[in-house]
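Chemist:
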Amino acid sequence: MFKELKTERLVLREIKESDANDLFASFSRDDVTKFYGQDSMREIEQARKLIEFFAESRRNKRGIRWGIQRKGQNGLIGSIGFNNIALSHKRAEIGYEIHPDFWRMGFASEAIEAVLSYGFFHMELNRIGAIVYIENDASNRLLQKLGFEKEGVLKEYMHQNNRFYDVTMYGLLKDQFEEIGKVQHERNAKLDYEHFKLLQDR
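Residues in the sequence shown are numbered consecutively from 1, following our numbering.
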């Protein structure tokens, strides 16, 4: 049974063959794939093969990929999931992409937080890593904002478009994620109390 995840604005669900056009819409764009480690798709059949790869990775317990769908809307705006799952070592790496039409709307962070929670508390992972192109400023800032720690630079780690790219290695541990959640909960509780007092004083 594929575990569906829900957030305030999103449904993270299984990716099906019928989603091929939506995946192709993202992966055929150079502004999406330039930091993804693969060339842009040129044929819809490539999207179908990617969906098959996601399904095979899940069957082999090497990965899991969710389609990102807005609540009340049809179609996918991106995908997110874990790669290189090593359950015996309680670790995995996270990866994601969002169609450019939906950039800078907070959808990536919303999806990432849901998947991190699932990874730590349902899959019982202890560490979730991420590999990001150094030039990918948006993802570097986003992961740091979500609590990931920069652990180092892997020189010429990716080869794409006939050149090598350095990447930044990030990591987030379960106890760090729990502490971030605790701090956010306390901050929200304080804001709620201050709002309540403000209403009382009126």
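Cβ atoms here follow ideal geometry from the backbone N, Cα and C, with glycine treated the same way. Given the structure is predicted, the values throughout are model-derived calculations rather than measurements.
Measure how close the beta-carbons of L12 and I98 come, nearest whole angstrom, since I'm counting them as under 8 Å.
Modeler: L12 to I98, Cβ: 12 Å. No contact.
Chemist: Using CA coordinates, which residue listed in E135, E4, G37, L10 is at the minimum distance from H159?
Modeler: It is G37 whose Cα lies nearest to the Cα of H159.
Chemist: Which residue comes first and which comes last in the beta strand (DSSP E) that contains T166?
Modeler: In the sequence under discussion, the amino acid at residue 166 is Asp, which differs from the Thr named in the question. Residues 163-173.
Chemist: Closest to S57 by CA distance: which of P100, L142, F82 is it?
Modeler: The residue with the shortest Cα to Cα distance from S57 is F82.
Chemist: Near E110, what residues of its chain come up, given a Cβ to Cβ distance below 8 Å and the 5 sequence neighbours on each side ignored?
Modeler: Hits under 8 Å: T7, E8, R9, L10.
Chemist: Given a threshold of 16 other Cβ atoms within 10 Å of its Cβ, counted over all protein chains shown, does E93 qualify as buried or as exposed?
Modeler: E93 should be labelled buried.
Chemist: Does DSSP classify Y36 as helix, strand or coil?
Modeler: DSSP places Y36 in coil when its eight states are reduced to three.
Chemist: Can you grab the Cα-Cα spacing for the pair L76 / D19, in whole Å?
Modeler: Taking the straight line joining both Cα atoms gives about 7 Å.
Chemist: Specify the secondary structure class of K49 as computed by DSSP and reduced to three states.
Modeler: In this structure, K49 counts as helix in the three-state DSSP scheme.
Chemist: Residue ranges of each alpha helix (DSSP H) run of no fewer than 4 residues wholly in the region 87-166, ordered along the chain?
Modeler: Those alpha helix (DSSP H) runs which fall completely within the region 87-166 and span 4+ residues are 107-121, 137-145.
Chemist: Spatial neighbours of N213 within its chain, please: CB distance less than 6 Å, with the 5 preceding and 5 following residues excluded, ordered by chain position.
Modeler: This structure cannot settle anything about residue 213, because the visible part of the chain is limited to 1 through 202.
Chemist: So, with DSSP's three-state summary, where would you put S79?
Modeler: Strand.
Chemist: Does F148 pass the burial test, meaning 16 or more other C-beta atoms within 10 Å, or should it be called exposed?
Modeler: That one is buried.
Chemist: Run the CB neighbour count on A86, radius 10 Å, all protein chains shown included, and call it buried at 16 or more, exposed below.
Modeler: Answer is exposed; the Cβ neighbour count stays below 16.
Chemist: Confirm, please, whether the CB-CB distance from W103 to A138 is below 9 Å.
Modeler: A contact, by the Cβ cut-off of 9 Å.
Chemist: What residues in its chain sit with their C-beta under 7 Å from that of L142, if we drop five residues either side in the sequence?
Modeler: Taken in chain order, the residues that qualify are A108, S109.
Chemist: Let's test the definition: count the other Cβ atoms within 10 Å of the Cβ of F24 and tell me whether it reaches 16, buried, or not, exposed.
Modeler: Classification for F24: buried.
Chemist: Put R13 into one of helix, strand or coil per three-state DSSP.
Modeler: Strand, per DSSP.
Chemist: Would you list the residues sitting across from L5 in a DSSP beta bridge?
Modeler: Per DSSP, L12.
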